[in-house]
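Undergrad: Mind having a look at this structure? Questions to follow.
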Amino acid sequence: MSEATEESAPITLYRLQACPFCERVVRKLDEYGIEYHSRFVEPMHSDRNVVKRVSGSRTVPAIVDENTGVTMSESGNIVEYLDKTYGGAN
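In this note's numbering, the protein residues as written are 1120 to 1209.
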């Protein structure tokens, strides 16, 4: 697995337990062997203030990539970003 401690991982993934959209991002991070730190957030959408502070939205999954300075949400966008940035697909 590529999950790492918060201090060592360049990517932080904000996610929910058993969220299929979050798992899609986890699979892509694992596919590329990218180290990341999972931050599990509140199940109640209205309580996800930590996600709103970093991404401007309360939706998950959301990532913060310290390597590139990118913060984004929505699994489709994240997977596309990971493919372009770490997968060598152009």
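Using N, Cα and C, we set each Cβ at its ideal position, and we do this for glycine too. Here the structure is a predicted model, which is why all the values come from computation and not from measurement.
(1) Buried or exposed: which applies to Ala-1218, given that a residue is buried once 16 or more other Cβ atoms fall within 10 Å of its Cβ?
(2) Quick one: measure Cβ to Cβ for Arg-1158 and Thr-1190, integer angstroms, because I've assumed they're closer than 8 Å.
(3) For Ser-1194, I'd like the list of residues in its chain whose CB is within less than 6 Å of its CB, leaving aside the five on either flank, ordered along the chain.
(4) Phe-1159 bridges to which residues according to DSSP?
(5) With 16 as the cutoff for other CB atoms within 10 Å, does Tyr-1151 come out buried or exposed?
TA: Quick look at the numbers:
(1) The structure shown has nothing for residue 1218, since the chain only spans 1120 to 1209.
(2) With 8 Å as the limit, Arg-1158 and Thr-1190 do not qualify as a contact, their Cβ atoms being about 13 Å apart.
(3) Phe-1140, Arg-1143, Val-1144 and Pro-1180
(4) Arg-1134
(5) By the neighbour-count rule (16 or more Cβ atoms within 10 Å), Tyr-1151 is not buried but exposed.
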